[in-house]
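Under the working numbering, the sequence shown has 438 at position 50, and the numbering climbs by one with no breaks.
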Amino acid sequence: MKLKSQRLGWALLLLWILGTSLLLFRFGQSDYGEFDPERQLQQYPKQLAALLHLTDAAVDETVLVHILDASCRCSVLAQAHISQLQSLFQTKVKLRQLQRSVADLQQAGITVPATPMVIVLRDKQLVYSGPYASGPACRSEDSLLDAILLQRLNTPAAWLNSETAACRCANVATLPFG
389 MKLKSQRLGW ALLLLWILGT SLLLFRFGQS DYGEFDPERQ LQQYPKQLAA LLHLTDAAVD
449 ETVLVHILDA SCRCSVLAQA HISQLQSLFQ TKVKLRQLQR SVADLQQAGI TVPATPMVIV
509 LRDKQLVYSG PYASGPACRS EDSLLDAILL QRLNTPAAWL NSETAACRCA NVATLPFG
């Protein structure tokens, strides 16, 4: 009888661990995945005039546009990354940082595939758009921006980073391109 009771106890414990692990995995994966599976960022070069108007970007200037959604868990993680970026690049790179809402971009006719998202403009050119970092936690150790901002990574055209797996809140209501 005691052996049966122990087996039942172990079986219930194992079932509880398995169930809890499955729920945690499902919860964690709900905000993690390909940043822009529908490749909406690929339209951004066509939207350069709207981006420049929205940011008032100038020649000889690097502008970071932060697009955050307070209801997205990943935006909280991005805030820590933004703080680290500010302290790291404060002395190395002259940056102008702006925060715009999803609604601001939508009003300008620009689709936002997911948040948190960053757009980098340099010398009135689109340099980067996509997530802050790869990985599920938006950690500065997985940053995609450091090499771009320090100009260690120069791409032949704007890096429209749709395919990176990142912490993001997708299914943001978007307006069609006009």
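Note that CB positions come from ideal geometry on N, CA and C, so glycine has one too.
Per DSSP, the unbroken alpha helix (DSSP H) holding Ala437 starts and ends at 436 to 443. In the DSSP assignment, Ile498 falls outside any alpha helix (DSSP H), carrying neither H nor E.
Here the alpha carbons of Asp424 and Leu406 stand approximately 31 Å from one another. The Cβ-Cβ distance between Leu465 and Cys557 does not fall below 8 Å.
Shown here, Arg395 sits in a helix according to DSSP, grouped into three states. In this chain, the beta strand (DSSP E) harbouring Leu486 covers 483 to 488. In the three-state DSSP reduction, Gln513 falls in the strand class (E or B). Separation of Val447 and Arg510 (C-alpha to C-alpha, rounded to the nearest whole angstrom) is 7 Å. Partner residues in the beta bridge of His454, as assigned by DSSP, are Gln487, Val506.
Per DSSP, reduced to three states, the secondary structure at Tyr420 is strand. Ser475 sits exposed, since fewer than 16 C-beta atoms from the chains shown fall within 10 Å of its C-beta.
Between Pro519 and Thr543, the CB-CB gap reaches or exceeds 8 Å. Sixteen is the threshold: since fewer than 16 other Cβ atoms of the shown chains lie within 10 Å of the Cβ of Asp444, the residue is exposed.
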